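The opening residue of the sequence shown carries number 1 in UniProt numbering; numbering runs sequentially from there.
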Amino acid sequence: MADRRTFNVVILGVGFLFIFTAFTTCGNVEQTVVKSLGNSTFTGSGYHSLGIIYGVFSFSNLLAPMIVTVIGPKFTMFLSGLLYSGYIAMFIVPSTWSFYLTSVLIGIGAAMLWTAQGQFLVENSEASTINRNTGMFWALLQCSMLFGNLYIYFDWNGRTEIPDNSRRNIFLSLLVISILGTLSFLVLRKSHHEEEMLSEEEGQSLLSTRTMYKHRANTAMQDTKSEFKTILRLLKTKTTLLLSPCMAYSGLELSFYSGVYGTCIGATAQFAEAAKGLIGISGIVVGIGEIVGGGLFGLLCKNSRFRRTSVVFLGMVAHFVAFYLIFLNIPDDAPIVFETTSLKKPYLTPSVSIALLCSFLLGLGDSCFNTQLYSILGHVYAEESTPAFAIFKFIQSVCAAAAFFYSGYIMLMWQLLLMVILGFTGTLCFFVVERMQNFSVDIQEF
1 MADRRTFNVV
11 ILGVGFLFIF
21 TAFTTCGNVE
31 QTVVKSLGNS
41 TFTGSGYHSL
51 GIIYGVFSFS
61 NLLAPMIVTV
71 IGPKFTMFLS
81 GLLYSGYIAM
91 FIVPSTWSFY
101 LTSVLIGIGA
111 AMLWTAQGQF
121 LVENSEASTI
131 NRNTGMFWAL
141 LQCSMLFGNL
151 YIYFDWNGRT
161 EIPDNSRRNI
171 FLSLLVISIL
181 GTLSFLVLRK
191 SHHEEEMLSE
201 EEGQSLLSTR
211 TMYKHRANTA
221 MQDTKSEFKT
231 ILRLLKTKTT
241 LLLSPCMAYS
251 GLELSFYSGV
261 YGTCIGATAQ
271 FAEAAKGLIG
281 ISGIVVGIGE
291 IVGGGLFGLL
301 CKNSRFRRTS
311 VVFLGMVAHF
321 VAFYLIFLNI
331 PDDAPIVFET
341 TSLKKPYLTP
351 SVSIALLCSF
361 LLGLGDSCFN
371 TQLYSILGHV
381 YAEESTPAFA
391 IFKFIQSVCA
401 AAAFFYSGYI
411 MLMWQLLLMV
421 ILGFTGTLCF
431 FVVERMQNFS
441 VDIQEF
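#1: Which term fits Pro73, buried or exposed, when burial requires 16 or more other beta carbons within 10 angstroms of its beta carbon?
#2: Just to check my reading of the structure: Gly378 and Val286 have Cβ atoms closer than 8 Å, yes? What is that Cβ distance to the nearest angstrom?
#3: Which first and last residues belong to the alpha helix (DSSP H) in which Cys143 is found?
#4: Looking at Thr239 and Val398, is the spacing between their C-beta atoms short of 8 Å?
#5: Which stretch, first to last residue, makes up the alpha helix (DSSP H) that contains residue 447?
#6: For the pair the segment 143-159 and the segment 8-21, tell me if three or more CB-CB distances fall below 8 Å.
#7: If you draw a straight line from the alpha carbon of Leu37 to that of Ile162, how long is it in whole angstroms?
#8: According to DSSP, simplified to helix, strand and coil, what is Ser304?
#9: Given 8 Å as the limit, is there contact between the segment 59-74 and the segment 160-175, that is, 3 or more CB pairs closer than that?
#10: Would you tell me roughly how many angstroms separate the C-alpha atoms of Gly158 and Gly277, rounded to the nearest one?
#11: Rounded to the nearest angstrom, how far is the Cβ of Gly259 from that of Gln31, given a contact under 8 Å?
#12: Here's a check: name, in chain order, each residue in its chain whose Cβ is nearer than 8 Å to the Cβ of Gly86, leaving out the five neighbours to either side.
#13: Let me know if Leu343 comes out buried or exposed under the rule of 16 or more other beta-carbons within 10 Å of its beta-carbon.
#14: In this structure, how does DSSP classify Thr129 when only helix, strand and coil are distinguished?
#15: I'd like to know whether the C-beta atoms of Leu356 and Ser282 end up nearer to each other than 8 Å.
#16: Helix, strand or coil for Ser173 per DSSP?
#17: Quick one: give me the first and last residue of the alpha helix (DSSP H) that Gln119 is part of.
#18: Here's the rule: buried if 16 or more other CB atoms are within 10 angstroms of the residue's CB, otherwise exposed. What is Ala334?
#19: Gln142 and Met77 - do their beta-carbons sit closer together than 8 Å?
#20: For the segment 242-259 and the segment 400-410, state whether three or more C-beta atom pairs, one from each stretch, are separated by less than 8 Å.
#21: Which whole-angstrom value is the C-beta distance of Arg121 and Leu12, which I expect to be below 8 Å?
#22: Could you have a look at residue 449 and say whether DSSP puts it in helix, strand or coil?
#23: Quick one: grab the DSSP three-state call for Val70.
#24: Alpha carbons only, please: which of Trp138, Tyr153, Leu243 and Met90 is nearest the one belonging to Arg168?
#25: Out of Thr115, Met436 and Gly81, state which residue places its alpha-carbon closest to the alpha-carbon of Leu180.
#26: On the criterion of 16 or more Cβ atoms from any shown chain inside 10 Å, does Arg308 qualify as buried, or is it exposed?
#27: Is Thr115 near Thr43, with beta carbons less than 8 Å apart?
#28: Indicate whether Leu17 and Leu140 have their beta-carbon atoms separated by less than 8 Å.
#29: Would you kindly check if the distance between the Cβ of Ile336 and the Cβ of Gly262 is under 8 Å?
#30: Using a threshold of 8 Å, state whether the C-beta atoms of Tyr249 and Gly426 are closer than that.
#31: With a cut-off of 8 Å on the beta carbons, I'd call Tyr84 and Phe405 a contact; round off their distance for me.
#32: Does the Cβ of Gly266 have 16 or more other Cβ atoms within 10 Å, making it buried, or fewer, making it exposed?
#33: Distance check for Ile52 and Ser60, CA to CA, integer angstroms please.
#34: Once you ignore the five residues that flank Gly315 on each side, which residues in its own chain have a CB closer than 7 Å to its CB?
Here you go:
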């Protein structure tokens with residue numbers, strides 16, 4: 001039993017590694033790719049596409065649990081993987097209508113994929129193995145930022161334009177990787193929970209297959225209604241309201257490091273022929289920052305004296321240093337220029353070292369905020385963790401969607417200023433919540 005569960009967790013991680021190697025690489029370069037298209041009939045925007053994905057994802061989370069309950073996590077992840085692969089395939093022969101249609105579909109697929117992943121991971125874990133399994137899964141997932149971006153660096157380094165044959169080769173490779181990840185879900189074995197549920201349903205021989213699925217759908221609908229009511233109740237609590245600015249900030253900085261900053265580097269004229277290749281290296285260094293942060297804070301936070309507030313404060317400092325250096329190092333018009341390179345000059349002569357240091361700090365800071373938001377939500381809402389995490393993902397995704405939509409119109413300076421204001425407010429509110437929790441613990445002990 002234990003061997004089967006470990007096998008499932010490893011295969012689950014490998015599947016996500018392949019799919020998100022394709023998707024995170026795509027998200028990192030797509031605005032640059034879109035700008036370089038020689039097709040005059042294509043009028044899409046990479047920022048708008050990513051905004052649609054996160055917007056649809058945020059609302060699809062409300063229905064995803066019902067779909068997973070009806071058809072099961074394994075088949076749900078397989079279908080979601082096909083939607084991800086369809087989005088990657090669109091870049092091989094791009095058209096505006098398919099670009100935005102697949103953006104909507106992948107938003108739905110993302111909600112189903114992450115809901116199914118959570119359920120499948122829990123089903124294949126016990127109280128004694130959940131931390132190990134979660135760590136194993138996240139370690140494999142974070143490696144997805146390394147391999148695809150490395151390919152981008154080797155293929156684009158020295159190029160000032162992205163020719164059609166290079167674009168097709170890249171996205172054909174990413175499509176194959178995504179399909180391999182999708183097919184790996186078919187290798188997953190049934191969990192003990194699934195086997196019990198199937199044997200129980202098979203025992204009811206009078207029930208037809210149609211009736212069985214109808215029964216599952218009704219049960220899922222009731223669970224969804226109950227969870228939705230819980231979400232509405234939690235939204236009104238003081239703790240959730242105070243954590244909302246921090247959740248919103250995590251959405252803004254997610255959009256910035258995953259789609260905007262790479263585009264800014266690629267559009268910096270002063271990097272000359274190295275600019276396009278640096279997009280890939282930047283993505284790799286962001287991934288290294290995420291891996292270092294996740295591993296480091298996973299160990300540090302086992303020590304109760306090392307508080308969540310310390311990690312969040314470190315994340316805020318890392319991000320603010322990165323924002324200040326980006327403000328000095330990157331041209332102000334880099335995120336919005338429609339030509340291949342920027343026209344304005346930054347305050348400093350653009351430095352590759354500073355640009356990559358900022359990439360690392362962005363990844364490190366992101367891991368600080370996300371790990372501690374998950375930690376405090378799991379602590380405060382231990383008995384209602386699923387609705388609490390749903391609220392977090394909803395607020396984060398809505399803000400990420402909004403940020404992607406405005407990123408193509410607002411100068412870099414104002415984007416950075418908005419993140420500084422919201423990041424500072426979110427950190428203060430996080431401190432207040434932590435103080436409230438410590439105070440309530442002290443009262444109980446007294």
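For each residue, glycine too, the CB sits at the ideal point set by N, CA and C.
All of these numbers come straight from a predicted model, not from anything done at the bench.
Based on what the coordinates show:
#1: Using a 10 angstroms sphere on the CB of Pro73, the tally of other CB atoms reaches 16 or more, which defines it as buried.
#2: Actually they do not touch by this definition, with Cβ atoms about 25 Å apart.
#3: Per DSSP, Cys143 lies in no alpha helix (DSSP H) segment and is marked neither H nor E.
#4: No, the pair does not count as a contact, with Cβ atoms beyond the cut-off.
#5: Examination of residue 447 is not possible in this model, given that the chain is present from 1 through 446 alone.
#6: Verdict: yes, contact present.
#7: For Leu37 and Ile162, the distance between alpha carbons rounds to 8 Å.
#8: Only weak support is given to the placement of Ser304: the predicted model assigns it a pLDDT of 48, under 50, and the value that follows is read from those uncertain coordinates. Ser304: coil per DSSP, three-state reduction.
#9: Flag = no, the segment 59-74 and the segment 160-175 do not touch.
#10: Take the alpha-carbon of Gly158 and the one of Gly277: they are about 7 Å apart.
#11: About 7 Å separates the two Cβ atoms, so the contact holds.
#12: So the qualifying residues of the chain are Thr102, Leu105 and Ile106.
#13: When all chains shown are included, Leu343 counts as exposed.
#14: Correct three-state label for Thr129: coil.
#15: Yes, they are a contact pair.
#16: Residue state, collapsed to three classes: helix.
#17: From DSSP, the alpha helix (DSSP H) with Gln119 extends over Thr96 to Glu123.
#18: Buried is the call here.
#19: Going by C-beta atoms, Met77 is not nearer than 8 Å to Gln142.
#20: They touch, by the three-pair rule.
#21: At residue 121 the sequence reads Leu, which differs from the Arg that was named. Contact between Leu121 and Leu12 holds: CB atoms are separated by about 7 Å, below the 8 Å threshold.
#22: With the chain covering only 1 through 446, there is no way to say anything about residue 449.
#23: If DSSP states are grouped into helix, strand and coil, Val70 belongs with the helices.
#24: Measuring from the Cα of Arg168, the nearest candidate turns out to be Met90.
#25: Nearest of Thr115, Met436 and Gly81 to Leu180, Cα basis: Gly81.
#26: Classification of Arg308: buried, given that the 10 Å Cβ count is 16 or more.
#27: Contact flag unset, no.
#28: In this structure, Leu17 lies near Leu140, with their beta-carbon atoms less than 8 Å apart.
#29: If you check the CB distance, Gly262 and Ile336 do not come in under 8 Å.
#30: Yes, these two residues count as a Cβ contact at 8 Å.
#31: The beta carbons of Tyr84 and Phe405 sit about 22 Å from each other, so the pair does not count as a contact at 8 Å.
#32: So Gly266 counts as buried.
#33: The straight-line gap separating the alpha-carbon atoms of Ser60 and Ile52 is approximately 12 Å.
#34: Excluding residues within five positions, the ones whose Cβ falls inside 7 Å are Gly365, Cys368 and Phe369.
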